[in-house]
Amino acid sequence: MRNDLNALLAGLHNHEARSIARAISLVENDHEAAEVILASLDQHHITSSQVLGITGSPGVGKSTLTSTLVRHFRGQGKRVGIVAVDPSSSITGGALLGDRVRMMGHALDPDVVVRSMATRGRLGGLCAAAGAAVRIMAASGCSPVIIETVGVGQSEMDIIRLADLTLMVLAPGMGDEIQAMKAGILEVADLLVVNKTDCLGAETLTMDLEAALRGKKNPWQSRVYKTVATTGQGIDELAIAIDELDAIYRSSGEHDRRRHSSLELETVDWAVELLKPRLLKELQEKIYAAEPRQAARKLLARLCPSITDT
Amino acid sequence: MEKNKDLTEWQDKVLAKSLARFPERRKQFTNHGGDEIPRLALPEEIDDQYVRLLGFPGSYPYTRGVQPTMYRGRLWTMRQYAGFSSAAESNKRYRYLLEQGTTGLSVAFDLPTQIGYDSDHPMSLGEVGKVGVAIDSLADMEMLFEQIPLETVSTSMTINSPAMVLLAMYVAVAEKQGVAPQKLQGTIQNDVLKEYVARGTYIFPPQPSLRLITNIFQWCGENTPSFNTISISGYHIREAGSTAVQEVAFTLANGITYVQTALDAGLELDVFARRLAFFFNASSDLLEEVAKFRAARRLWARIMKEKFGAQNPASCMLRFHTQTAGYTLTAQQIDNNIVRVTLQALAAVLGGTQSLHTNSRDEALSLPTEDSVRTALRTQQIIAHESGVTNTVDPLAGSYFIEQLTDRIEREAVELIDKIEQAGGVVAAIEDGFIQRQIENAAYAYQKEIESGERMIVGVNGFQITEESRPPTLRVDPEAETMQVAALSQLKKTRNHDRVKNSLEDLDRAARTDANLFAYVLAAVKEYATLGEICDVLRQVFGEYKQH
Amino acid sequence: MHKHNSPFRVLIGKPGLDGHDRGAKFIARALRDDGFEVIYTGIRRTPEEIAAAAIQEDVSAIGLSSLSGAHLRLFPAVVEALRAAGVTDIAVLGGGVIPEEDIRQLKEAGIDEVFTPGTPLEVILEAFRSACRQQRKTHQP
């Protein structure tokens with residue numbers, strides 16, 4: 066068993082596809098080797114890598130845009146990682162991870178590392194697993210690492226907080242503009258992208274968004290990037306904007322602030338993940354109280370006496 | 033019965049003209065007792081609603097059929113889809129089928145041919161000659177139709193993305209036989225839109241694909257006036273798991289897109305519209321299928337007249353080929369499939385099909401053997417000559433159930449077509465995955481019903497037996513691929529390289545303009561440029577479609 | 101140790117040029133509804149692409165579907181591509197219009213299970229479950 070782990074760590078060190086994939090699984094499944102694996106990662110690579118979030122409603126062409134961006138980055142000789150997150154069924158726990166279809170064009174490229182991940186119905190936890198996957202990829206030399214999520218649920222929006230900067234993708238005819246304003250997504254996104262600009266209604270959507278963004282103090286936040294992911298139109302401009310904004314964030318301290326907050330988020334997530342089995346076990350063994358908040362406080366008092374005064 | 037003016041008008045104008053031009057097969061149609069069977073049964077009273085919804089056969093809205101006398105005039109074309117292995121092997125099968133009484137050929141191409149790859153392309157590995165015949169160049173096409181008179185035979189070709197190349201080859205073969213393009217009869221499938229949602233043999237993105245299709249409409253309008261330039265296909269949509277309503281809706285929505293594209297390109301509606309053909313599935317729900325065919329016919333007539341303003345009656349006629357439903361065939365107790373096919377074929381005939389392919393009993397196991405193909409053909413012949421359903425027109429009309437179901441299918445199909453139009457049309461609905469999702473959901477629900485036992489499939493989830501021996505199946509010679517690749521390499525050595533190169537360069541230049549590409553493709557195939565070479569030129573200019 | 105309730109991961113692939121994906125999509129959805137995490141490759145993939153994706157996604161089993169009669173070339177090619185990458189512990193299952201006499205040949209080439217038309221869904225699901233359990237048992241670092 067120890068030999069297997071050593072072989073895995075060696076493979077990870079050599080950026081072998083199989084070892085990267087196994088390592089992500091072990092961490093995602095919270096295997097006992099997870100900590101050793103995560104501790105072995107090349108911190109230098111992790112620090113210097115760029116982590117991009119791409120989010121948007123189903124049907125806006127997110128995955129196609131991601132795939133087109135990947136082609137662009139590969140053209141620049143960059144090794145790219147993609148963590149594609151899809152929701153799990155809350156009833157069966159299963160998931161159909163369909164984003165792989167658009168990524169198959171890169172399947173034989175050893176410098177495009179793709180991992181499909183399901184939310185697995187975790188409240189937190191997902192950030193822990195996805196964050197670990199991002200760092201495993203970054204440590205293997207991937208930069209950028211792209212986290213792609215469907216921007217609908219809270220847990221998906223949380224994952225976006227793992228990114229250094231986030232692209233929000235919209236498309237005409239989806240009723241997106243209203244959704245976006247309602248959900249305050251314009252606040253979360255660093256760059257707004259209107260995809261499918263060859264389709265009817267793209268101009269109106271772009272103008273509406275620009276109107277909504279007017280008055281933002283940062284110039285990049287008042288601009289809308291227009292793309293046609295299927296043809297690659299607008300991708301070069303978008304990629305330049307990503308790099309420019311990344312540079313601004315790095316020099317302004319925003320980058321560090323976000324990295325710090327993402328580590329915090331992951332840490333809290335891990336704490337909950339690690340605590341959960343203990344809590345459940347304790348609950349099974351002993352009935353605390355009928356009132357859940359009170360029960361929770363008593364439970365914590367027993368398991369973590371140092372925080373009894375909460 | 034009081035003489036109705038609509039009826040009189042139909043009898044005097046439509047029917048009389050038709051009878052004068054195409055006499056019925058028999059002087060009199062009678063039963064065993066000698067009683068005469070009426071050509072067309074009608075309600076006691078022909079009111080406005082009857083005329084509006086059903087009308088008369090050969091008249092708008094064509095609910096009761098596209099010809100005034102239907103099968104009393106001429107039986108449907110019995111057309112068995114076939115082709116496998118090499119051109120020489122397939123040629124043998126075609127000649128056998130013609131001897132056995134089929135009245136039209138239907139060419140099945142292998143997957144590399146359908147996707148525009150030569151047999152030596154890496155993606156062709158293992159697929160050469162498997163589901164149809166491998167065609168790399170004009171040389172293969174010449175062999176495929178050797179000793180088959182293209183002047184008299186009507187040929188249907190199941191080819192979509194590279195339809196222009198294969199049709200050009202057909203025209204070139206005919207020319208070598210001394211047959212002018214004007215005399216050619218047949219159909220090319222040429223329906224790329226459904227490939228994106230159901231069958232998967234796409235090459236180029238939708239826009240350039242639509243251009244190729246429109247180029248074909250135009251060239252054929254001028255050169256092959258008796259050739260159907262497209263077969264707008266619901267068959268594969270249904271095979272992919274759609275419901276009957278979805279089959280009608282998605283097929284006609286595709287049809288609307290082709291018409292609109294051709295109009296946008298400046299083509300004349302009443303010239304190209306009469307060369308549009310359709311292709312539907314005949315599944316096992318007998319009555320629903322009959323209603324489906326009738327609903328599709330009426331809806332298309334209305335679309336052409338009301339939406340597009342067609343003037344020529346022929347533009348409003350939905351003429352269709354039918355194939356029995358492959359997805360209903362079982363690998364268990366395969367003789368049961370003969371019964372399924374009989375019911376399905378009967379639905380197609382009661383629904384007024386213009387041509388029919390009946391599947392063979394062993395197709396859930398492999399390609400059909402010659403014996404099975406013969407039984408499938410005999411099934412059609414028994415319906416045609418023994419069942420009696422061909423003696424009268426649209427026999428199920430007026431049944432409360434059939435008419436209500438016809439109305440419902442039409443209404444629900446209209447709703448679905450409207451939804452697609454609201455979503456920005458078919459191309460947008462494909463790119464969004466709307467159509468694919470609808471089909472997938474229907475397919476999933478259907479299969480779940482089988483798994484739960486709610487829907488019985490005889491021999492599969494009920495009335496099973498233990499089967500000891502497997503029937504003999506047809507195997508494609510594994511050497512066929514090697515031989516085809518060798519022949520291709522030989523061809524490349526013997527043709528005139530400069531002329532091939534020049535013809536491909538001409539095509540490349542033309543593809544970058546708005547020119548009609550047919551003449552360029554025809555020139556290239558005549559130089560024995562291969563299918564793969566021609567498609568590669570177009571791939572360079574048009575790009576390739578990627579699955580979403 | 102693994103948390104044994106973490107879902108099994110499998111990949112459904114369509115090698116070759118056959119575009120009839122009704123069966124593949126049905127199996128993918130049925131596996132999802134049975135609690136699997138399912139990666140679907142879409143149609144028209146090479147055996148090498150399917151093997152590479154399976155390795156990157158760290159699945160326990162691959163399900164292949166082909167209805168065009170090319171299974172004797174394409175299914176073993178996936179096994180070979182896996183072996184070439186040093187992977188021998190991902191199960192490979194196949195289904196489609198496959199004549200009885202080909203099944204033995206496919207199994208000899210390393211295909212673990214072969215399903216023909218009409219196989220009950222439960223039999224297929226159980227084969228995937230069992231392949232995944234097997235891999236999880238033997239594969240612990």
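Chains A, B and C are the protein sequences, given in the same order. 66 is the number of the first residue of the first sequence in the numbering used here; add one for each residue after it. 33 is the number of the first residue of the second sequence in the numbering used here; add one for each residue after it. 101 is the number of the first residue of the third sequence in the numbering used here; add one for each residue after it. The beta-carbon is built from N, C-alpha and C at its ideal position, and this holds for glycine as well.
Point to revise | Three-state class that DSSP yields for E137 (chain C) in the structure shown | key: strand
Check your understanding: So which residues on chain A does S106 (chain C) lean against when the C-beta distance must stay under 7 angstroms?
Key -> Chain A residues near S106 (chain C): N94.
**Study point:** L172 (chain C) versus G142 (chain C): straight-line alpha-carbon distance, rounded
**Key:** 20 angstroms
Exercise for review: Would you list the residues sitting across from A114 (chain B) in a DSSP beta bridge?
Suggested key: Per DSSP, B:V139.
Exercise for review: Would you kindly report the start and end of the unbroken beta strand (DSSP E) that includes L111 (chain C)?
Suggested key: R109 to G113
Check your understanding: Between the segment 113-145 of chain A and chain B, which residues of the former have CB atoms less than 7 angstroms from a CB of the latter, in chain order?
Key -> G124 and T129
Review point. C567 (chain B) and P194 (chain B): beta carbons closer than 8 angstroms?
Key: yes
Practice item. Kindly list, in the order they appear in chain A, the residues whose Cβ is closer than 7 angstroms to that of F136 (chain C). Key: G159
Check your understanding: Which residues does DSSP pair with N260 (chain B) in a beta bridge?
Key -> DSSP lists B:T219 as partners of N260 (chain B).
Check your understanding: Helix or strand or just coil, what does DSSP make of I211 (chain A)?
Key -> strand
Practice item. Anything in the segment 469-480 of chain B with a Cβ closer than 7 angstroms to a Cβ of chain C? List those residues in chain order, please. Key: E472, A475, Y476 and Q479
Exercise for review: Over the uninterrupted alpha helix (DSSP H) stretch that includes T562 (chain B), give me the two end residues.
Suggested key: Segment: none, T562 (chain B) is in no alpha helix (DSSP H) and carries neither H nor E.
**Study point:** Own chain residues within Cβ distance below 7 angstroms of R96 (chain B), not counting five before or after
**Key:** L86, G87, F88, P89, V425, D426 and A429
Review point. Curious, which full-length beta strand (DSSP E) runs of at least 3 residues does the segment 515-556 of chain B contain?
Key: none
**Study point:** N- and C-terminal bounds of the alpha helix (DSSP H) containing N247 (chain B)
**Key:** P238 to N255
Review point. Okay, do the segment 132-148 of chain B and the segment 397-415 of chain B touch, 3+ Cβ pairs below 8 angstroms being the bar?
Key: yes
Check your understanding: Skipping 5 residues on each side, what residues in its chain have a beta carbon closer than 6 angstroms to that of L299 (chain A)?
Key -> Before going further, note that residue 299 (chain A) is Gly rather than Leu in the sequence given. If we look at G299 (chain A) and ignore the five residues flanking it on each side, its Cβ neighbours are K291 and T292.
Review point. From G420 (chain B) to V553 (chain B), what distance separates their C-alpha atoms?
Key: 47 angstroms
Practice item. Measuring only between beta-carbons, confirm whether G273 (chain B) sits less than 8 angstroms from chain C. Key: yes
Point to revise | N- and C-terminal bounds of the beta strand (DSSP E) containing T231 (chain A) | key: L230 to L235
Check your understanding: Is it the case that the Cβ atoms of I588 (chain B) and Y228 (chain B) are separated by a distance below 8 angstroms?
Key -> Coverage of chain B is limited to positions 33 through 580, which leaves residue 588 (chain B) absent and any answer about it impossible.
Point to revise | DSSP state of F126 (chain C) mapped onto helix, strand, coil | key: helix
Practice item. Would you decide whether M272 (chain A) is buried or exposed? Buried here means 16 or more other CB atoms lie within 10 Å of its CB. Key: exposed
Point to revise | is_contact[G163 (chain A), chain C] using C-beta, thresh 8 angstroms | key: yes
Point to revise | Element boundaries [beta strand (DSSP E), containing G146 (chain A)] | key: V145 to D151
Review point. Where in the segment 146-213 of chain C do unbroken runs of the alpha helix (DSSP H), each at least 4 residues long, occur, reported from the N-terminal end onward?
Key: Listed in chain order, the complete alpha helix (DSSP H) runs (minimum 4 residues) inside the segment 146-213 of chain C are 147-156, 171-184 and 200-208.
Exercise for review: Flag T146 (chain C) as yes if its beta-carbon sits less than 8 angstroms from any beta-carbon of chain B, otherwise no.
Suggested key: yes
Exercise for review: Examine chain A for any beta-carbon lying closer than 8 angstroms to the beta-carbon of D246 (chain C), and answer yes or no.
Suggested key: Nothing about residue 246 (chain C) can be reported from this structure: the residues present for chain C run from 101 to 241 only.
Review point. Which class does Y234 (chain B) belong to by DSSP, given the choice of helix, strand or coil?
Key: coil
Review point. Is E395 (chain B) helix, strand or coil when you go by DSSP?
Key: coil
Point to revise | As assigned by DSSP and simplified to three states, the class of A183 (chain A) | key: In this structure, DSSP gives A183 (chain A) an extended state, which the three-state scheme calls strand.
Exercise for review: Using a Cβ-Cβ cut-off of 8 angstroms, state whether L164 (chain C) counts as contacting chain B.
Suggested key: no
Practice item. Could you give the DSSP three-state label for A460 (chain B): helix, strand or coil? Key: helix
Exercise for review: Work out the CA separation of I352 (chain A) and Q359 (chain A) for me, nearest whole Å.
Suggested key: For the pair Q359 (chain A) and I352 (chain A), the Cα-to-Cα distance works out to about 12 angstroms.
Check your understanding: What residue ranges within the segment 323-377 of chain B form continuous beta strand (DSSP E) runs of no fewer than 3 residues, ordered along the chain?
Key -> 352-356
Review point. Given V83 (chain B), which residues of its chain have a CB within under 8 angstroms of its CB, disregarding the five upstream and five downstream residues?
Key: D38
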